[in-house]
Every structure is written in C-alpha cells, then in structure tokens.
Amino acid sequence: MAALNTSSDRPSPPSPPSPAEQSSTAAAIQPHGALVALRGDGATILACSANTADFLGLAPERLLGRSVDVLELPELAALLAELRALPPDLRALGLHAAVTPPGEEPLPAFLHEHGGRVILEVERRPAGDLHQQVRSTL
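Anchor point for the sequence shown: position 85 equals 96 in the working numbering, and the numbering is continuous, going up by one each time.
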C-alpha cells in the first residue's frame, strides 16, 4: 500500500508544458530521478524525461504514446487504482510508494495527479540506504 503524501512543504508541480515545450523540458528533469506523465486515465504515456532508460530500463522512444503496460511495473496498476480512489482534491498530494522495474530493486516513487495527467516520479535510493543494505546481505 502506498502512503498518502501529507507534506505541506512539497511544492506544487509546474503546469504541464505545451507540446512544443515538451521536447525541450523533458531533458531538464533533475538527474536523480525520472518522470513519466500519463493520460488522466493512466492508460497511455504522454511524456517522459530523457533519462527513463537509467531508471526504468526503457528509452523515451520506447515509451511515448505507448500503453503504460510497457513499463512492466507490477505495482503500478494497484497504485493507479489507489490514486483514483482518493477524493479529487487529494490526488495532487499523491502517494509515496515503490515500483520495481524488471530485474531491478524497488525504487522510491511518487504518483500524483496534475493538470488532468497522472505523474509518476521515480528516484534512486540514497547511498547508504538501510533497506538496500539489508537486502544485499540476505
């Protein structure tokens, strides 16, 4: 189960860029994370950061315009359902969770709604992360 983001210090995400701006802003995502923007129903990938291959194993050209199923994130369907179950005014606050790219360790993730789109953000676990240390010793 994902955790509802109740932090009031998290800044509101910027408005989605226009189609003309998308190609220039996609590369501007911070290097410690990747972003995937989905159609409001969560079914189709509309935009993504240029570094998705580093985090999710798939380059942008393999994602854009495709079904969200191409991500092969086993947790994503349940997270999308959980986000949709929230009252509309809470969806922007989002859910903190983890997603597991194929053959990889789980990554911290933040799923929220903005501007009629569902936004998935993933990051690498920080160096020295206790969860990672425990898993590597097992």
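Beta carbons: idealized from backbone N, C-alpha and C, even for Gly.
In this text the structure is predicted, and so the values were computed from the model without any measurement.
Sequence-distant partners of threonine 55 (beyond 5 residues in either direction) whose C-beta falls short of 8 Å from its own C-beta, in its chain, are Leu49, Gly76, Arg77, Ser78 and Val79. In this structure, DSSP gives glutamate 134 an extended state, which the three-state scheme calls strand. Proximity to histidine 43 across Ser60, Gly51, Gly105 and Glu116 peaks at Ser60, based on C-alpha coordinates. Cβ neighbours of leucine 91 within its own chain (closer than 6 Å, five residues either side excluded): Gly53. When DSSP reads this structure, alanine 70 sits in no beta bridge, so it has no partner. If one requires a minimum length of 4 residues, the alpha helix (DSSP H) runs lying completely within the stretch 53 to 113 are 63 to 67 and 87 to 96, in chain order. Distance between aspartate 65 and leucine 131, taken at the CA atoms: about 15 Å.
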